[in-house]
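One structure below.
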Amino acid sequence: GTVILDYKTDRLVRPERYWPQLGLYGMAARACGLAGGAVELVLFYVRAGELHSRPLDEEVIAEVAEAVGDRPDRA
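With our numbering as the guide, the letters of the sequence shown map in order to residues -11 to 63.
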């Protein structure tokens, strides 16, 4: 599998804010042939020393589609 790891320096730990971003990275890696098999999305919050992870699955892909579709310049 493939791990997409993103380091965050935010003071507040809010992984839900970044899952669409990491999901898009994972989808791009798959589309380019860089990710085979399962893709794990990982956030590391440097200040808090916290690690959060979840698989790139249909739920994350739906979150990406919603985030991209909500952009006002994409009417």
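Ideal Cβ placement from N, Cα and C applies to all residues, glycine included.
So what does ASP(-6) bridge to, in DSSP terms? LEU31
Looking at C-beta atoms only, is the number of pairs between the region 15 to 26 and the region -3 to 7 that lie closer than 8 Å three or more? no
Would you decide whether ALA36 is buried or exposed? Buried here means 16 or more other CB atoms lie within 10 Å of its CB. exposed
Would GLU46 and TRP7 qualify as a contact pair, given that the criterion is a beta-carbon distance under 7 Å? no
Of the choices GLY57, VAL34 and GLY24, whose alpha-carbon is the least far from that of PHE(-9)? Per the sequence shown, residue -9 should be read as Val rather than Phe. For the residues GLY57, VAL34 and GLY24, the minimum Cα distance to VAL(-9) belongs to GLY24.
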